[in-house]
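Numbering (the numbering used here), first residue to last: 1477 to 1626. Contents: one structure, followed by commentary.
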Amino acid sequence: MSVTTVTKTQSSKRLPYKVADISLADFGRREIIIAENEMPGLMAMREKYGTQKPLKGARIAGCLHMTVQTAVLIETLLELGAETIIFPNGQPLNMILDDGGDLTNLVHNKYPELLNKIIGISEETTTGVHNLAKMLESGELKVAAINVND
């Protein structure tokens, strides 16, 4: 598995994220490897579809708790061809991975101009799913959504 490394941007000469303690990187990588062994479904997806890049063109933004399991998910999305976090071609997101509905609400309320390009939303919490149901009932939900909590 190759890991995509984000390099310093041309304009700012800084990394586009903050690392609290880079000395923990090796430990973090070991934890991710352990998590990969506990997530056979995602690893099978990488093995089966990694060379095909079925998510090429997907620009996925997420509002998720950053855990080693989330790292495995992000690395899998990248391996399958998606762009995450930073979209080099400057295009806006077209998919949302949400945990609690925060990003879904933010886009609907503050950035509605992005909605016409968003293909879908996945929500992983009961609270977020309830939020989606309320939005659907009131006619506010403008994008297809899936409950990945059940």
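All C-beta atoms in this analysis are idealised placements derived from N, C-alpha and C, irrespective of residue type, glycine included.
Beta-bridge partners of residue 1499, as assigned by DSSP: DSSP lists no partner for residue 1499.
Rounded C-alpha distance that separates residue 1557 from residue 1583: 24 Å
Any chain D beta carbon closer than 8 Å to residue 1619: Note that chain D does not occur in the displayed structure, where there is just one protein chain.
Beta bridge counterpart(s) of residue 1547 as assigned by DSSP: DSSP, once it has assigned bridges, lists no residue as partnering residue 1547.
Contact set for residue 1512: own chain, Cβ-Cβ below 6 Å, skip 5 residues either direction: 1519 and 1548
Boundaries of the alpha helix (DSSP H) in which residue 1522 is found, first to last residue: 1516-1525
Proximity of residue 1507 and residue 1526 at Cβ, strictly below 8 Å: no
Length of the line joining the Cα atoms of residue 1591 and residue 1573: 14 Å
For residue 1557, three-class secondary structure by DSSP: coil
Integer-rounded CB distance, given that residue 1593 should sit under 8 Å from residue 1568: 6 Å
Bounding residues of the beta strand (DSSP E) (the contiguous stretch that carries residue 1538): 1535-1539
8 Å Cβ cutoff met for residue 1619 and residue 1599: no
Whole-Å CB distance - residue 1571 paired with residue 1552, under 8 Å assumed: About 14 Å; that fails the 8 Å criterion.
Host alpha helix (DSSP H) of residue 1578 (start-end): 1578-1586
Bridge-paired residues (DSSP) for residue 1599: 1574 and 1623
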